[in-house]
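Each residue of the sequence shown is one higher than the last, beginning at 1 in full-length UniProt numbering. Positions of the beta carbon are idealized from the N, C-alpha and C atoms, including for glycine.
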Amino acid sequence: MSLSVKNKDTVRAFWAKVSPKAADIGADALCRMLVVYPQTKTYFSHWKDLSPGSAPVMMHGAVIMQGVADAVAKIDNLTDGLDQLSQLHAFTLRVDPANFKVWTEETSSMNLTLTLNVSDCSNDTIASIFPTGALPQPHGGHGQPVPQGLQP
């Protein structure tokens, strides 16, 4: 399965619009996830401070969005391009596969390998930063099958 040229162009255009605020989006989305889905705190129990705005939350939000930037850059070969990230989350970090969602009802096309809860929260964050239509086009690209190898 591969994305159409139109899907790829939509993702690239969407990313170009939101990337200047990527670190803020990632931090806010991660903060929302930790509040709305408290069970996800177990993945970050080694952090001393999980409160919104804390240094670890802010830094990891930026790391998450760098992963999105990498996915957009590798959009022509997502399976190979994101294999290392997938392996890290599946086998080293042991993130439950139930926490992953790609192109499903609640996510936009840009949330290629983010956890289910971060992607839900990032949509809320993006919509609050770009209230006049950042999501409609990319949101229409979900529902496609997950490329083989992208799931942990």
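Item: Lys6, DSSP secondary structure in three states; Value: helix
Item: For Gly61 and Gly26, believed in contact at Cβ under 8 Å, the rounded distance; Value: 3 Å
Item: Val95, DSSP secondary structure in three states; Value: coil
Item: Cα-Cα separation, Ala29 to Arg12; Value: 20 Å
Item: Nearest-angstrom Cα separation, counted from Thr92 out to Val63; Value: 17 Å
Item: Top-ranked residue by Cα proximity to Trp47, from Val36, Met59 and Ile126; Value: Met59
Item: Ile129 burial status per 10 Å Cβ neighbour count (16 or more: buried); Value: exposed
Item: Straight-line gap, Leu50 to Thr125 (C-alpha atoms, nearest Å); Value: 18 Å
Item: Enclosing alpha helix (DSSP H) for Ala90 [first to last residue]; Value: That residue, Ala90, is in no alpha helix (DSSP H); it is neither H nor E in DSSP.
Item: Chain-order list of residues whose beta-carbon lies under 8 Å from that of Ser45 (same chain, five-residue window excluded); Value: none
Item: Leu88 versus Ala55 - alpha carbon distance; Value: 22 Å
Item: Short Cβ contact (9 Å threshold) for Leu34 with Val57; Value: yes
Item: Asp76, DSSP secondary structure in three states; Value: helix
Item: Beta-carbon proximity of Asp76 to Lys8, cut-off 9 Å; Value: yes
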